[in-house]
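Protein chains: 4
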Amino acid sequence: MARSKNIEKYHAILNAALTVFAQNGFHRSSVSSIAKEAGVADGTIYIYFKNKEEILVSVFQERLGYLIETSRARIQTATDAKEALKVICHTHYSELENHLDLAYVTQIELRQSSFDMRKAIGQAVKPYITLIEGVLQRGVDEGSFRSDLDLKLTRLLLFGAMDQVVTSWLMAGQKYSLTKQAEGTVQFFINGLTAK
Amino acid sequence: MARSKNIEKYHAILNAALTVFAQNGFHRSSVSSIAKEAGVADGTIYIYFKNKEEILVSVFQERLGYLIETSRARIQTATDAKEALKVICHTHYSELENHLDLAYVTQIELRQSSFDMRKAIGQAVKPYITLIEGVLQRGVDEGSFRSDLDLKLTRLLLFGAMDQVVTSWLMAGQKYSLTKQAEGTVQFFINGLTAK
Amino acid sequence: MARSKNIEKYHAILNAALTVFAQNGFHRSSVSSIAKEAGVADGTIYIYFKNKEEILVSVFQERLGYLIETSRARIQTATDAKEALKVICHTHYSELENHLDLAYVTQIELRQSSFDMRKAIGQAVKPYITLIEGVLQRGVDEGSFRSDLDLKLTRLLLFGAMDQVVTSWLMAGQKYSLTKQAEGTVQFFINGLTAK
Amino acid sequence: MARSKNIEKYHAILNAALTVFAQNGFHRSSVSSIAKEAGVADGTIYIYFKNKEEILVSVFQERLGYLIETSRARIQTATDAKEALKVICHTHYSELENHLDLAYVTQIELRQSSFDMRKAIGQAVKPYITLIEGVLQRGVDEGSFRSDLDLKLTRLLLFGAMDQVVTSWLMAGQKYSLTKQAEGTVQFFINGLTAK
DNA sequence: GATGAATGAGGCTTCATTCAT
DNA sequence: AATGAATGAAGCCTCATTCAT
Numbered sequence: 001m002a003r004s005k006n007i008e009k010y011h012a013i014l015n016a017a018l019t020v021f022a023q024n025g026f027h028r029s030s031v032s033s034i035a036k037e038a039g040v041a042d043g044t045i046y047i048y049f050k051n052k053e054e055i056l057v058s059v060f061q062e063r064l065g066y067l068i069e070t071s072r073a074r075i076q077t078a079t080d081a082k083e084a085l086k087v088i089c090h091t092h093y094s095e096l097e098n099h100l101d102l103a104y105v106t107q108i109e110l111r112q113s114s115f116d117m118r119k120a121i122g123q124a125v126k127p128y129i130t131l132i133e134g135v136l137q138r139g140v141d142e143g144s145f146r147s148d149l150d151l152k153l154t155r156l157l158l159f160g161a162m163d164q165v166v167t168s169w170l171m172a173g174q175k176y177s178l179t180k181q182a183e184g185t186v187q188f189f190i191n192g193l194t195a196k
Numbered sequence: 001m002a003r004s005k006n007i008e009k010y011h012a013i014l015n016a017a018l019t020v021f022a023q024n025g026f027h028r029s030s031v032s033s034i035a036k037e038a039g040v041a042d043g044t045i046y047i048y049f050k051n052k053e054e055i056l057v058s059v060f061q062e063r064l065g066y067l068i069e070t071s072r073a074r075i076q077t078a079t080d081a082k083e084a085l086k087v088i089c090h091t092h093y094s095e096l097e098n099h100l101d102l103a104y105v106t107q108i109e110l111r112q113s114s115f116d117m118r119k120a121i122g123q124a125v126k127p128y129i130t131l132i133e134g135v136l137q138r139g140v141d142e143g144s145f146r147s148d149l150d151l152k153l154t155r156l157l158l159f160g161a162m163d164q165v166v167t168s169w170l171m172a173g174q175k176y177s178l179t180k181q182a183e184g185t186v187q188f189f190i191n192g193l194t195a196k
Numbered sequence: 001m002a003r004s005k006n007i008e009k010y011h012a013i014l015n016a017a018l019t020v021f022a023q024n025g026f027h028r029s030s031v032s033s034i035a036k037e038a039g040v041a042d043g044t045i046y047i048y049f050k051n052k053e054e055i056l057v058s059v060f061q062e063r064l065g066y067l068i069e070t071s072r073a074r075i076q077t078a079t080d081a082k083e084a085l086k087v088i089c090h091t092h093y094s095e096l097e098n099h100l101d102l103a104y105v106t107q108i109e110l111r112q113s114s115f116d117m118r119k120a121i122g123q124a125v126k127p128y129i130t131l132i133e134g135v136l137q138r139g140v141d142e143g144s145f146r147s148d149l150d151l152k153l154t155r156l157l158l159f160g161a162m163d164q165v166v167t168s169w170l171m172a173g174q175k176y177s178l179t180k181q182a183e184g185t186v187q188f189f190i191n192g193l194t195a196k
Numbered sequence: 001m002a003r004s005k006n007i008e009k010y011h012a013i014l015n016a017a018l019t020v021f022a023q024n025g026f027h028r029s030s031v032s033s034i035a036k037e038a039g040v041a042d043g044t045i046y047i048y049f050k051n052k053e054e055i056l057v058s059v060f061q062e063r064l065g066y067l068i069e070t071s072r073a074r075i076q077t078a079t080d081a082k083e084a085l086k087v088i089c090h091t092h093y094s095e096l097e098n099h100l101d102l103a104y105v106t107q108i109e110l111r112q113s114s115f116d117m118r119k120a121i122g123q124a125v126k127p128y129i130t131l132i133e134g135v136l137q138r139g140v141d142e143g144s145f146r147s148d149l150d151l152k153l154t155r156l157l158l159f160g161a162m163d164q165v166v167t168s169w170l171m172a173g174q175k176y177s178l179t180k181q182a183e184g185t186v187q188f189f190i191n192g193l194t195a196k
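Chains as they are written, first to last, in UniProt numbering: chain A, 1 to 196; chain B, 1 to 196; chain C, 1 to 196; chain D, 1 to 196.
What follows is the structure, encoded as structure tokens:
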């Protein structure tokens, strides 16, 4: 993505974009305002990014990458798949609760992208979905999850359920603690997954 | 909604909007192209709708209203809550699979709306969420669902999970049958909900 | 102007237009809002008036005609030209002070008309200018006004001066009595006109 | 006013606007046509001006500023107040007679502005009114003008009278020399102002 | 690499006017 | 005569992108 050596400026733009998109939404954010927020000229943006959409995708990719890496690192030390699932959900919720900007962009603005862009986003989400699948597989292997699980379907169900909880919390105005929903969410997952 | 007598023209515009939004997306659809698709003049649009956003919300409201009514009617004859849940999920999936236009608008384009608009959408979704809650309550009352269910959370988990399955199917290019996912989805739900 | 027998509706539209123009200005007033104010359908307007501009001109003509007739009647009983001048100025100021709607239309909105329209307005003002000229002539004949007056120029100076006083009073927010300016205005005129 | 470095382009737009407004009138002039006349792109207009109205006000301010400065400079060398009055009137008439474009904009188009705009215009005219008042005061101090003059009223009468003479000349199709009216106008003023 | 003035396509919306009823 | 739904031209303005400096 970064076509330039000046990695600092690249990140300055990315951070500025996160802020601006979160405040005004993607379609209502001008490239100009991102440039101003980042302290660079309008034209400079186009040295680092092909166009406006690429900025949004890049913001998402970077942050999601961070979330994935954090989760991956944390589940290394998890004792079992159920524990790992708990870690993922906790991380997912707390990360977004603690970075409202990011939550807005992820849950609201990113959904405003073009179809082609959504494909790119889908690509970026894949590793996360795969991470979840890995945990499911681990559970099956451990014997703690049902062996007849449709992994491809279930990983989506888990991701989709968490995603909707975040969106609802955001739309409701963050009146309650998102992180505290993790408990119930995971319990629900485990009830559905546990081998009998 | 219709501020005029000619209800036919109102629906012609609504249907045209559904088609055009599905093809090009909301932000990339011009009011002009909707008018052309509907076979009316540009200005005519503004006799029936306040602005472009109101068209999108109206499209959604009408179609979602239809989905809710269909589901509500069908679960009347369901023998129990589990059966009702199955009906809802089947209806949800099949309705969207059979109306690709609608699916695009609902899953993709509607997410591109302004924050204020999303609030309006949230209002429209509420009856659906309530419908789901009713089924959950019914299950608890019947003794088939766990009595310690957090209804407010669970109804979101179910809706969110279904929603994500639809979106993923759409994003994947509808390579498989969406309706066939209902079986697995419902099974997953029931596993998580069933009283022990 | 009135192309129809229904003189009541004609005047209803004229009065409505006066109100609406005064409130929103000519260019910001829609034919539709005049129709609503008059209690008729949009299309009805076009039975009585050729287009929007003709409404404005007609409003002005009618009201100015009334002002001229009032002044003409009053100066019949004036003892001399100076008295007549006083009457004209008093009538001019008091009429506009007591009909703020009319003042707005006359001093503000009418100036927003097209060039062609202004010609038409000029035609309507002519009788008023002529009325003033008549008084000047009378003064010259009486021997009370300078015999070397350039009547064509002086009649304009008088009209222009009064007009500007009205506009300034209006723009200033009518913070003082317009009618009370008549005294000083007339005194100024008489000083300039009186034969030595 | 100029928000950019390229002062030339700023003036190019201003001059183009003067031409176009004079030809077609403010409301009938499109921003697009001003851009074309100025030889810039439509969007460029909005780099230098907030909106269409600001162009009109700016045109007026610049030209009036020039008129005021010219008059102010010329009356420095006037021997007395009467001479100064003559200078102001001559300058006023000749300036507008020699710049027909400006006359149209000032006398016709500027009157087509919104109420808020007229306030801004009023602010711009103030220095001119003040300039006239200064001359009146000078005359009173010199003992050549009546000491009982209501300065606030008289300055308006003078401005209004001159203004109306210009407008009438314009509306009549400039069939006679405007500058030649200065003589009579000033004579009229002096008759009314001179101390006895 | 960085700038930011300039571009110009394109969008939403208004509204004067028409005309079938 | 009266209606008011329909028309569609026209306008203001935004903003993603380019390019000369």
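Built from N, CA and C at the ideal position, the CB exists for glycine as well.
With which residues is residue i paired in a DSSP beta bridge?
i, result
"Phe145 of chain D", "D:Thr194"
Drop a sphere of 10 angstroms on the beta-carbon of residue i, count the other beta-carbons inside from all chains shown, and report buried for 16 or more, exposed for fewer.
i, result
"Ala17 of chain B", "buried"
"Gln123 of chain A", "exposed"
"Gly173 of chain C", "exposed"
"Gly192 of chain D", "buried"
"Ser32 of chain C", "exposed"
"Ala182 of chain B", "buried"
"Lys180 of chain B", "exposed"
"Met1 of chain D", "Bear in mind that the predicted position of Met1 of chain D carries a pLDDT of just 40, short of 50, making it unreliable; the figure below should be weighed with that in mind. Exposed is the call here."
"Ala195 of chain D", "exposed"
"Lys82 of chain A", "buried"
"Ala41 of chain A", "exposed"
"Ala161 of chain C", "buried"
"Ser4 of chain B", "Caution is warranted here: a pLDDT of 49 is assigned to Ser4 of chain B, below 50, making its placement in the model unreliable, and no coordinate value can be reported."
"Lys86 of chain A", "buried"
"Thr154 of chain D", "buried"
With respect to the alpha helix (DSSP H) encompassing residue i, which residues constitute its N-terminal and C-terminal limits?
i, result
"Arg155 of chain D", "Leu151 to Met171"
"Tyr104 of chain D", "Leu100 to Tyr104"
"Asn51 of chain A", "No alpha helix (DSSP H) contains Asn51 of chain A, which DSSP labels as neither H nor E."
"Thr79 of chain A", "No alpha helix (DSSP H) contains Thr79 of chain A, which DSSP labels as neither H nor E."
"Asn24 of chain A", "Ile7 to Asn24"
"Glu109 of chain B", "Careful: Glu109 of chain B lies outside any alpha helix (DSSP H) and carries neither H nor E."
"Ser30 of chain A", "First-last for Ser30 of chain A: undefined, no H or E at that position."
* **chain B contacts made by the region 155-183 of chain A, where a contact means CB separation under 7 Å** => Listed in sequence order: Leu156, Leu157, Phe159, Gly160, Ala161, Asp163, Gln164, Val165, Ser168, Met171 and Gln181.
* **Near-chain B residues of the region 129-151 of chain A - C-beta to any C-beta below 7 Å** => Listed by position along the chain: Asp150.
* May I ask you to list, following chain order, the residues of the region 42-67 of chain A that have a beta carbon less than 7 Å from some beta carbon of chain B? => Hits within the stretch: zero.
* **Residues within the region 25-42 of chain D neighbouring chain C, beta-carbon criterion of under 8 Å** => If the cut-off is 8 Å between Cβ atoms, the region 25-42 of chain D has Gly25, His27 and Arg28 near chain C.
* To do: May I ask you to list, following chain order, the residues of the region 68-100 of chain B that have a beta carbon less than 9 Å from some beta carbon of chain A?
  => Answer set for the region 68-100 of chain B: empty.
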